[in-house]
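Counting in our numbering, the final residue of the sequence shown is number 242, and the numbers go up one at a time with none missing. Structure first, then comments.
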Amino acid sequence: MSGQIALWPRWRRHALAAVAAIVLAACASTEPSPAADNRVARSFAPPSRGSLVVLLPAPKADDLQAGQTLMTQQLHRQLVAAGYRVALLDAGNHDVVWGQEVAEVGGIYDPGSGALRSAAYAKALSSLARRLCDELKCALVIQQRLTVRDAKLSGSSAAWDGQRRRVPVAGTYGDTLSFSGTGVGLSIELTAVSADGSPAFHTFGGASLPYRADASRAQHTLRPDLFADDREIADGVRLALNPLLQR
-4 MSGQIALWPR WRRHALAAVA AIVLAACAST EPSPAADNRV ARSFAPPSRG SLVVLLPAPK
56 ADDLQAGQTL MTQQLHRQLV AAGYRVALLD AGNHDVVWGQ EVAEVGGIYD PGSGALRSAA
116 YAKALSSLAR RLCDELKCAL VIQQRLTVRD AKLSGSSAAW DGQRRRVPVA GTYGDTLSFS
176 GTGVGLSIEL TAVSADGSPA FHTFGGASLP YRADASRAQH TLRPDLFADD REIADGVRLA
236 LNPLLQR
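Right, dumping it as structure tokens:
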């Protein structure tokens, strides 16, 4: 788990580096693998149908707000389709109770370096889940986030976190471009905690490629249709929810 810090500047740095990765050689394609850092607790078993799942609001990130709205909607839709009852914790209420849990562990950032105190963060999230499930009688609490991830470029596509997408291009005038190296992908990141406060799963699901290659100007630009609909976000949510949807 990591803080919501400086997402877009990192995108831009990767995008500029990726421009130099445009090559003319074709590359072989393989099926994308799930994220190597996905974690599912050995003791985790999906709650029974009809159980209540509480979604925490996504962190504030103005540039990602449209995508985060789609993410929350898709999480609700897919969980309901799987037979669960779903509640979204109000952002204002979340800020209050989360602030109390953070204070209880003495803060989640190191006062000297500003680095995330991972153990303190996990303890605060565990306590929050127990508190919510005690009050709301829920079976699971899910923290959601839309996050930047590395995507492996190969041929005309990019693969990351169980997803493969064709790299969007413009200005090719009929030519075919191939890519190699590392680019930028957006993924759904879910951290689920059981009612007793124990970790359930921490997963990533590849959703969208935020940039398109503009061959005529030899640069990458933000896609104008990035969050035009929810289909890509829906794919990422499905991948990230896999531990919960498998029965």
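The beta carbon of each residue, even a glycine, is placed where N, CA and C say it ideally should be.
Would you mind giving the Cβ-Cβ distance between Leu50 and Leu70, rounded to the nearest angstrom? I have them listed as a contact below 8 Å.
6 Å
Roughly how many angstroms lie between the CA atoms of Ala154 and Leu217, to the nearest whole one?
18 Å
Given 8 Å, three or more beta-carbon pairs between the region 149 to 164 and the region 194 to 203
yes
Kindly indicate the opening and closing residues of the beta strand (DSSP E) around Pro194.
194 to 203
Quick one: grab the DSSP three-state call for Tyr116.
helix
How big is the Cα-Cα spacing for Ala208 and Ala56?
25 Å
Do Val162 and Leu148 have their C-beta atoms closer together than 8 Å?
yes
Which first and last residues belong to the alpha helix (DSSP H) in which Arg160 is found?
Careful: Arg160 lies outside any alpha helix (DSSP H), inside the beta strand (DSSP E) at 158 to 161.
Is it true that the region 180 to 190 meets the region 107 to 126, where meeting means three or more beta-carbon pairs spaced less than 8 Å apart?
yes
Give the DSSP-derived three-state secondary structure of Ile228 in the structure shown.
helix
Where the alpha helix (DSSP H) containing Arg72 begins and where it ends:
60 to 76
Boundaries of the beta strand (DSSP E) in which Asp145 is found, first to last residue
135 to 150
Near Ser24, what residues of its chain come up, given a Cβ to Cβ distance below 7 Å and the 5 sequence neighbours on each side ignored?
Summary for Ser24: the model assigns pLDDT 46, below 50, so the residue's position carries little reliability, and this model does not support an answer.
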